[in-house]
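Visitor: Got a structure for you, questions after.
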Amino acid sequence: MGTLWSQESTPEERLPVEGSRPWAVARRVLTAILILGLLLCFSVLLFYNFQNCGPRPCETSVCLDLRDHYLASGNTSVAPCTDFFSFACGRAKETNNSFQELATKNKNRLRRILEVQNSWHPGSGEEKAFQFYNSCMDTLAIEAAGTGPLRQVIEE
1 MGTLWSQEST PEERLPVEGS RPWAVARRVL TAILILGLLL CFSVLLFYNF QNCGPRPCET
61 SVCLDLRDHY LASGNTSVAP CTDFFSFACG RAKETNNSFQ ELATKNKNRL RRILEVQNSW
121 HPGSGEEKAF QFYNSCMDTL AIEAAGTGPL RQVIEE
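Be aware that the sequence shown starts at 1, since it is given in the UniProt record's numbering, and climbs by one per residue.
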């Protein structure tokens, strides 16, 4: 029997420390492997997710026409770091694209856009441009109104 000062230990003191148990080490190793595995899976998912988020090339007919135009007007035999202007515009003179021809092409494109009936948002710039274009193209209404609207503006 022990006294108050005896050297005997209690049952709780006789239990081994938790860190010295063999399964505690295995548990720590498995936890570390699990965390590393989850991090690896998360990293792979992020990599493949962001890899496909880049800008996609434009494949419409307008984009392809512009691409062909730029390829035709550039000189790919010149290094872009040496002479970028020749690289980008080297054959523009050969293709005879004058500013007047480009302006005519732009006007024709704009006319095609404005002549198509679209459902523009009410009050939008597109709707206003469409209405303005149609009011100018309605020559019968302009001739029927005569000089009255213009005189009214001048008198004001």
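Don't be surprised by glycine CBs; every beta carbon is placed ideally from N, CA and C.
#1: Do the CB positions of F87 and G74 come within less than 8 Å of each other?
#2: Whole-angstrom Cβ separation of Y133 and L114, contact assumed at under 8 Å?
#3: Counting beta carbon pairs with one atom in the region 76-83 and one in the region 93-107, are three or more of them shorter than 8 Å?
#4: Counting only runs of 4+ residues fully inside the UniProt domain "Peptidase M13 N-terminal" (80-156), write out the alpha helix (DSSP H) ranges in chain order.
#5: Identify the continuous alpha helix (DSSP H) that holds V78 and give its terminal residues.
#6: If you drop the 5 nearest sequence neighbours on each side, which residues of the same chain put their C-beta closer than 8 Å to that of V78?
#7: Could you pull the start and end residues of the alpha helix (DSSP H) that R28 belongs to?
#8: How big is the Cα-Cα spacing for K93 and I154?
Guide: In short, the structure shows the following:
#1: Taking 8 Å as the Cβ cut-off, F87 and G74 qualify as a contacting pair.
#2: 4 Å between Cβ atoms; contact.
#3: Short answer: they don't touch.
#4: Within the UniProt domain "Peptidase M13 N-terminal" (80-156), the runs of alpha helix (DSSP H) that reach at least 4 residues and sit entirely inside it are, in chain order, 84-89, 99-115, 125-137, 139-145 and 148-155.
#5: Premise fails: V78 is in no alpha helix (DSSP H) and is neither H nor E.
#6: S86, F87 and G90, listed in sequence order.
#7: If you look at R28, you'll find it in the alpha helix (DSSP H) that goes P22 to Q51.
#8: Rounded to whole angstroms, the gap between the alpha carbons of K93 and I154 is 47 Å.
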